[in-house]
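Colleague: Using my numbering, read the sequence shown as starting at 171 and increasing by one per residue.
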Amino acid sequence: MNEKIKILVVDDEEKIREGCRRVLVDRDFQVFTAENGQVALDMLAEEEMDIMLLDLKMPGMDGEEVLELTHARYPDIPVIIITGHGTIDTAVDCMKKGAYDFVTKPFQIRQFMLPITRAADKRRLAQMARQFQQETIRNLYDLNFEKSRLRTIINCLANGVMVTNRNLEVVLYNPALMRLLNITEEIQTPAPLARFTEDESLVETLRQIQTNLASTEKLVSQELALGSRTVRAISAPALDPESAVAGTVTVLEDITVFKQLDQMKTDFVNMVAHELRTPLVSIKQLISVMLEGLCGPLLDKQNQYLVKSSRHIEGLLDLIQDLLDMAKAEAGMMVQHQVPIDLKPLIIKAIDLVDVRAREQGIKFCLSCQNLTPVHADEDSLQEVFNNLLSNAVNYSPDGGEVSVKAERRGDLIEITISDTGVGIPREELPKIFDKFYRVKHPKTREVMGTGLGLSLVRSIIEAHHGTIEAESREGQGTTFRILLPVMKPVLDGA
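1. Helix, strand or coil: which one does DSSP assign to A408?
2. Terminal residues of the continuous beta strand (DSSP E) containing S643?
3. Could you check what DSSP says for D369 in three-state terms: helix, strand or coil?
4. Alpha carbon to alpha carbon, what distance is there between V180 and N206?
5. Starting from the Cα of L488, find the closest Cα among L523, R447, L464 and give me that residue.
6. Which full runs of the alpha helix (DSSP H) of 4+ residues lie inside the stretch 325–357, going along the chain?
7. Please name the residue in E530, L486, E549 whose C-alpha comes closest to that of P515.
8. In terms of residue numbering, what span does the alpha helix (DSSP H) encompassing E238 cover?
9. Please return the same chain residues whose Cβ sits closer than 7 angstroms to the Cβ of V661, not counting the five positions on each side in sequence.
10. Starting from E530, trace the beta strand (DSSP E) both ways and give me its first and last residue.
11. Distance check for P229 and D525, CA to CA, integer angstroms please.
12. Go through the stretch 459–497 residue by residue and report every complete run of the beta strand (DSSP E) that reaches 3 residues or more, in order.
13. Can you find the residues in the same chain that come closer than 7 angstroms, C-beta to C-beta, to G648, ignoring five residues on each side of it along the sequence?
14. Please return the same chain residues whose Cβ sits closer than 7 angstroms to the Cβ of L600, not counting the five positions on each side in sequence.
15. Along the alpha helix (DSSP H) that carries I186, what are the first and last residues, could you check?
16. How many angstroms separate the CA atom of I286 from the CA atom of R293?
17. Are L226 and T253 close, meaning C-beta to C-beta below 7 angstroms?
18. In chain order, what residues of the same chain have a beta carbon less than 6 angstroms from the beta carbon of G268, not counting five sequence neighbours either side?
19. Is P568 helix, strand or coil by DSSP?
20. Can you name the start and end residues of the alpha helix (DSSP H) that R597 belongs to?
21. Using only CA atoms, which one of E368, R191, H546, G624 lies nearest to H636?
22. Among Y244, T426, L409, which residue has its Cα nearest to the Cα of T418?
23. Excluding the 5 residues flanking T420 on each side, which residues of the same chain have their C-beta closer than 6 angstroms to its C-beta?
24. Which residues does DSSP list as the beta-bridge partners of M222?
25. Go through its chain and collect everything with a Cβ distance to G532's Cβ below 7 angstroms, but skip five positions before and after it.
26. How far does the alpha helix (DSSP H) with G624 in it extend, from its first residue to its last?
27. Under DSSP, the alpha helix (DSSP H) around G417 begins and ends at which residues?
28. Run the CB neighbour count on L347, radius 10 Å, all protein chains shown included, and call it buried at 16 or more, exposed below.
29. What's the C-alpha gap between V373 and D212?
30. So what's A577 in DSSP terms, helix, strand or just coil?
31. Can you give the Cα-Cα distance for I161 and E633, rounded to whole angstroms?
32. What are the partner residues of S538, as DSSP defines its beta bridges?
33. For the alpha helix (DSSP H) that contains Q208, what are its first and last residues?
34. Just list the residues that DSSP pairs Q392 with in beta bridges.
35. Report the partner residues of G648 according to the DSSP bridge assignment.
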């Protein structure tokens, strides 16, 4: 355990990398550096690292993408974000994607070293915990000596730890767990799981792990509501030397603060959006009055400027509506009134809304609906899905062509495909199109206004209906979106 902690510094600025290296080497860390995300991932594949310091804004592969890949491939490595854009939103987003902590540039040495020291301690403790776990797992009932050693470690952890045996009895826990569960009395082990928690979802997860119904190679993560607290529970099987399940290990982390920050962000967006909408609508109405000549005749130049102003105000109103819709989607309120819906009228209505603009661009629509049956859905939400996808198909087909819409039943699903013959999407950008605020850039569509929230909203709505959406595209040949929605099952007599 006396080996030096290995730290990988990833930053596109050489002076930042060199500065970090000097500071860390002086404090007895072994330091590696990488000038971009791809080099960092290559180094991780060849060399085991203990901590990563990651710049958020880099050319090519940005820090958020590197964070996601690192967290997926090397979940035990604490990733500390170093960025000059240290906002609450950045902190929340990075923490959601697995970041351990973050510091903002420019930083002082004390500020810089604090999260690194904590991460190094956590890494050492985690390594020790794994070592002791392998020793104690051989006999979970004979913990007299081993428990005393392991308890010294886990008592220092801020997260709660709970270990159960084959009979779902708790054989080991730490003070942090008792604080999270609001238990004040000391409980002698082994003790029934019900003495600690009666949360049905957690109990069922541990039972599935015990009976091998869950994968023995993956962690099971879930959120629990414990009074006013929100806790993330991560459970995994504890294996004996023969790789059989001998018990479970659960780590509980209090994420209430992050939930509150996320709610604060949502409330702020809602407040700003509502406060902006009223004056913008009033301004748009006043401009409309002037354009209609009710305030007197206008010069051509005046008319031109007012038309442009009205168009930009319309764009702002669309942005506000997208922000409100995204807040509703994140709160699980986007889909509320689900009733039997016939999809064909919704598709026809969406086509009618963009038909004038489509004809101006020389675009033809081809509609085919076969063997359709109703779906149980929110009509307004699905209408927004079709409006968004068909509007995109027209916007990104500046040279004309054809937009094909097909809807047909396939077993227990309704498949809807919307295809265009437009500019298409580059292969490297295709996985990102459903991300918030992401927009595909193309010289022929630079005049297209948008927020980058449309496809993210579309995916949220489809998933809320227990459906799926995926996209296929070839640059210069067009794009196809494929939606699968479950059909409405018939109600049986007497059910």
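Heads up, the beta-carbon is just placed ideally off N, CA and C, and yes, glycines get one too.
Modeller: On the basis of the coordinates in this document:
1. It is a strand residue.
2. Taken as a continuous stretch (DSSP letters only), the beta strand (DSSP E) holding S643 covers 638–644.
3. Looking at D369 - three-state DSSP - the assignment turns out to be coil, as it is neither helix nor strand.
4. For N206 and V180, the distance between alpha carbons rounds to 6 angstroms.
5. This sequence places Asp at residue 488; Leu is not what is there. From the listed residues L523, R447, L464, the smallest Cα separation to D488 is found for R447.
6. Fully enclosed alpha helix (DSSP H) runs of 4 or longer: 345–350.
7. P515 has its Cα closest to that of E549, out of E530, L486, E549.
8. That run of the alpha helix (DSSP H) goes 233–243.
9. Any reading at V661 must be qualified, since the residue scores a pLDDT of 49, below 50, and its modelled position is unreliable; the value itself is stated next. The answer is none, since no qualifying residue turns up.
10. E530 -> not in any beta strand (DSSP E); alpha helix (DSSP H) instead, spanning 513–530.
11. Spanning the two alpha carbons is a distance of roughly 40 angstroms.
12. If we require 3 residues or more, the stretch 459–497 turns out to have no beta strand (DSSP E) run fully inside it.
13. Its chain contains S589, D590, T591, G592, G594 as the residues whose beta carbon lies nearer than 7 angstroms to that of G648, once the 5 sequence neighbours on both sides are disregarded; these appear in chain order.
14. Only residues of its own chain outside the window of five on either side were considered, and among them A641, S643 have a CB closer than 7 angstroms to the CB of L600, listed in chain order.
15. Start and end: 184–196.
16. C-alpha separation (whole angstroms): 10 angstroms.
17. Against a cut-off of 7 angstroms, the Cβ pair of T253 and L226 comes out as a contact.
18. Here the set comprises H241.
19. In this structure, P568 counts as coil in the three-state DSSP scheme.
20. Element bounds for R597: n/a, residue is neither H nor E.
21. Nearest option by C-alpha distance: H546.
22. Nearest option by C-alpha distance: L409.
23. Counting only Cβ-Cβ distances below 6 angstroms, and skipping sequence neighbours, we find M332, A403, S405.
24. Among the bridge pairs identified by DSSP, M222 is matched with L178, V249.
25. For G532, where only same-chain residues beyond five positions count, the Cβ hits under 7 angstroms are G570.
26. Note, G624: alpha helix (DSSP H), 624–634.
27. Counting along the chain, G417 falls outside any alpha helix (DSSP H), though it belongs to the beta strand (DSSP E) covering 415–424.
28. It counts as buried.
29. Those two C-alpha atoms are separated by around 40 angstroms.
30. Three-state DSSP puts A577 in a strand.
31. As displayed, the chain neither begins before 171 nor continues past 665, which places residue 161 out of reach and without an answer.
32. Answer by DSSP bridge pairing, in chain order: K576.
33. Counting along the chain, Q208 sits inside the alpha helix (DSSP H) bounded by residues 207–216.
34. The bridge partners DSSP lists for Q392 are A403.
35. G648 pairs with R644.
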